[in-house]
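Residue numbers (the numbering used here): 5 to 83.
Ideal placement from N, C-alpha and C gives every residue a C-beta, glycine not left out.
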Amino acid sequence: GIALEGASVRAEIIPIRDADARCDVALAEVSPGRYGVDVPLRVGGQWEIRATVDWKGKTWSDRMRRSVTFGPRREGGAP
Numbered sequence: 005g006i007a008l009e010g011a012s013v014r015a016e017i018i019p020i021r022d023a024d025a026r027c028d029v030a031l032a033e034v035s036p037g038r039y040g041v042d043v044p045l046r047v048g049g050q051w052e053i054r055a056t057v058d059w060k061g062k063t064w065s066d067r068m069r070r071s072v073t074f075g076p077r078r079e080g081g082a083p
């Protein structure tokens, strides 16, 4: 793919085992053509990500599944 600078990017993040706990997030452009956001994940397991990109009057969407696991907590309580 190519980097799409100045796009509007949103994602719906859905835990497969608890679909009612889904969240909708807007991603920020963190560098030219790269987007990111912190997602408040509370449980591990399979998650579905439904992403939508709006850029120059065109819209693309895709969905993917990812597996989330949590490592041991670091000293001070940070994951």
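Are there 16 or more other CB atoms within 10 angstroms of the CB of residue i, so buried, or fewer, so exposed?
| i | result |
| --- | --- |
| Trp59 | exposed |
| Trp51 | buried |
| Val41 | exposed |
| Val13 | buried |
Span of the beta strand (DSSP E) holding residue i?
| i | result |
| --- | --- |
| Val13 | Ser12 to Pro19 |
| Lys62 | Lys62 to Val72 |
| Ile53 | Gly49 to Trp59 |
| Leu8 | Here Leu8 belongs to no beta strand (DSSP E), and DSSP marks it neither H nor E. |
Taking C-beta to C-beta, are residue i and residue j nearer than 7 Å?
| i | j | result |
| --- | --- | --- |
| Arg67 | Arg54 | yes |
Helix or strand or just coil, what does DSSP make of residue i?
| i | result |
| --- | --- |
| Asp100 | A query on residue 100 cannot be resolved here, the shown segment of the chain reaching from 5 to 83 and no further. |
*Is the stretch 36-48 touching the stretch 14-26 in the sense that three or more CB pairs, one from each, lie closer than 8 Å?*
yes
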